[in-house]
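Enquirer: This structure is in structure tokens; I'll ask about it shortly.
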Amino acid sequence: MSAEPRINDRIRVPEVRLVGPSGEQVGIVPLAKALELAQEYDLDLVEVAANARPPVCKLMDYGKFKYESAMKAREARKNQAHTVIKEMKLRPKIDPHDYDTKKGHVVRFLKQGDKVKITIMFRGREQSRPELGYRLLQRLAEDVQDLGFVESNPKQDGRNMIMVLGPHKKKTEAMAEAREAQAARKAERTGASSADAAEEPAEA
Numbered sequence: 005m006s007a008e009p010r011i012n013d014r015i016r017v018p019e020v021r022l023v024g025p026s027g028e029q030v031g032i033v034p035l036a037k038a039l040e041l042a043q044e045y046d047l048d049l050v051e052v053a054a055n056a057r058p059p060v061c062k063l064m065d066y067g068k069f070k071y072e073s074a075m076k077a078r079e080a081r082k083n084q085a086h087t088v089i090k091e092m093k094l095r096p097k098i099d100p101h102d103y104d105t106k107k108g109h110v111v112r113f114l115k116q117g118d119k120v121k122i123t124i125m126f127r128g129r130e131q132s133r134p135e136l137g138y139r140l141l142q143r144l145a146e147d148v149q150d151l152g153f154v155e156s157n158p159k160q161d162g163r164n165m166i167m168v169l170g171p172h173k174k175k176t177e178a179m180a181e182a183r184e185a186q187a188a189r190k191a192e193r194t195g196a197s198s199a200d201a202a203e204e205p206a207e208a
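So the sequence shown is numbered by this note's numbering: it starts at 5 and just counts up by one.
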């Protein structure tokens, strides 16, 4: 069964409850009168509530309505949040500088609303010291606890140990904040360039 509403001469009822082009209530009118008004306004008669008694019909530009609906649906899909799982690999005996760099990436991912899978890679004799990896993962979880939480506790997976961090912020919130920050930076730049122009000394 088609989800498309019936329009114009496809509407088969003796009378309809008519809504005008601006949303005003016209009242119950014979179908012939409603079709006549649609021609006068150069619009379509669209059945918007088929199950009502009598059915509710509205005068509108149906082609424009369909186009705008499609655009709204497309925009909604574009803004839909897709949860992404990022991955960060560390060694049990990582040096402090490397640790800070990797932690910086984890912070960025969590701020963006993404999950982060942390993998500790053991080599050779390191495999007999799983507590090194466990302590490192605990330290990282504590360092980023303002932004994320441990969604999956550390567990051994062959030669690796894995933990998953989830963001406190939803992806949609992170995206909205990023857009706001971008707009604020743009406004700041525009304001600064206007101020610079105003401060230029007049020629003698």
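Positions of the beta carbon are idealized from the N, C-alpha and C atoms, including for glycine.
In terms of residues, what are the limits of the beta strand (DSSP E) holding residue 38?
Expert: Here residue 38 belongs to no beta strand (DSSP E); instead the alpha helix (DSSP H) covers 35-45.
Enquirer: Could you check what DSSP says for residue 142 in three-state terms: helix, strand or coil?
Expert: In the structure shown, residue 142 sits in a helix (DSSP, three-state: H, G or I).
Enquirer: Compute the beta-carbon to beta-carbon distance between residue 118 and residue 154, rounded to the nearest angstrom, for a pair I have assumed lies under 8 Å.
Expert: Wrong, their Cβ atoms sit about 15 Å apart, outside the cutoff.
Enquirer: Check whether the Cβ atoms of residue 178 and residue 115 sit closer than 9 Å, and answer yes or no.
Expert: yes
Enquirer: Starting from the Cα of residue 67, find the closest Cα among 12, 81, 41 and give me that residue.
Expert: 12
Enquirer: Cα separation between residue 77 and residue 185?
Expert: Approximately 25 Å between the Cα atoms of the pair.
Enquirer: Within its chain, find whatever has a CB closer than 7 Å to the CB of residue 47; leave out the 5 residues flanking it on each side and keep chain order.
Expert: 25, 63, 64, 65
Enquirer: Taking the alpha helix (DSSP H) that residue 79 falls in, what are its first and last residues?
Expert: Residues 66-82.
Enquirer: Taking 9 Å as the threshold (C-beta atoms), are residue 124 and residue 165 in contact?
Expert: yes
Enquirer: Since residue 44 and residue 32 are thought to touch, with beta carbons under 8 Å apart, how far apart are those beta carbons, to the nearest angstrom?
Expert: 19 Å between Cβ atoms; not a contact.
Enquirer: Could you give the residue range of the beta strand (DSSP E) that holds residue 152?
Expert: Judged by DSSP secondary structure, residue 152 falls within the beta strand (DSSP E) whose first and last residues are 152-161.
Enquirer: Name the one or two DSSP bridge partners that residue 166 has.
Expert: Answer by DSSP bridge pairing, in chain order: 123, 159.
Enquirer: With burial defined as no fewer than 16 other Cβ atoms inside 10 Å of the residue's Cβ, what is the status of residue 162: buried or exposed?
Expert: exposed
Enquirer: For residue 152, count the other beta carbons within 10 Å of its own beta carbon; 16 or more makes it buried, fewer makes it exposed. Which is it?
Expert: buried
Enquirer: On a Cα-Cα basis, can you pick out the residue from 150, 49, 171 that is closest to residue 35?
Expert: 49
Enquirer: Note down the Cα distance separating residue 189 from residue 158, rounded to an integer number of angstroms.
Expert: 39 Å
Enquirer: Between 170, 136, 27, which lies nearest to residue 94 when the distance is taken from Cα to Cα?
Expert: 136
Enquirer: May I ask which residues mark the beginning and end of the beta strand (DSSP E) holding residue 90?
Expert: 89-94
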